[in-house]
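In our numbering, the protein residues as written are 629 to 760.
Built from N, CA and C at the ideal position, the CB exists for glycine as well.
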C-alpha cells in the first residue's frame, strides 16, 4: 500500500495512496467551496470511479467553512472522511464540522488508526459491489 503520488499545492500537501488521500492543509488557509472543486478534480484524476476515503491530517491551524461539506458529500466515490486533530480545539472544531456531513465521518487520535479505518471501508465497499 505504497504512495502513488505526492502533490505540494498552494494550500496543502496531498499524499495519494490506492484507497485514500491524506491531506495536510497549510497554516492559515481558509477552506471554501473552490477547494471542493480542486479535491473533486484530484479524486477524478487518481481514483476515477474507485471508492476512496479522504483523510485530513490536521497538523496546522486553518479554518474550514463547514457549509462546504454539503458539496463534498456529493463526490460520488468519496466514501468517508477521517480527521486526525492535533489539538483539543481542532478536535472540537472537527466534531462541529461532522454535523454538516452525512456520510461516515470519524475522528481519530493517530494517522495509523485513520488509515486502518479507511482501508476497511474501501475493502467492505468493494466486497459489497462484488456480491451485488
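Looking at the unbroken alpha helix (DSSP H) that takes in residue i, where does it start and where does it end?
{"i": "residue 724", "result": "716 to 726"}
What does the alpha-carbon distance come out to for the pair residue i and residue j?
{"i": "residue 683", "j": "residue 676", "result": "18 Å"}
{"i": "residue 750", "j": "residue 689", "result": "29 Å"}
{"i": "residue 667", "j": "residue 717", "result": "25 Å"}
{"i": "residue 694", "j": "residue 642", "result": "20 Å"}
{"i": "residue 713", "j": "residue 720", "result": "9 Å"}
{"i": "residue 715", "j": "residue 736", "result": "12 Å"}
{"i": "residue 756", "j": "residue 679", "result": "12 Å"}
{"i": "residue 705", "j": "residue 650", "result": "16 Å"}
Considering only DSSP beta bridges, list what residue i is partnered with.
{"i": "residue 734", "result": "710"}
Per DSSP, what kind of secondary structure is residue i in: helix, strand or coil?
{"i": "residue 702", "result": "coil"}
{"i": "residue 729", "result": "coil"}
{"i": "residue 768", "result": "What the structure shows of the chain is the stretch from 629 to 760, and residue 768 is not part of that stretch, so it cannot be assessed."}
| What are the complete beta strand (DSSP E) segments, minimum 3 residues, inside the stretch 633 to 697? | 633 to 636, 640 to 644, 648 to 653, 680 to 686
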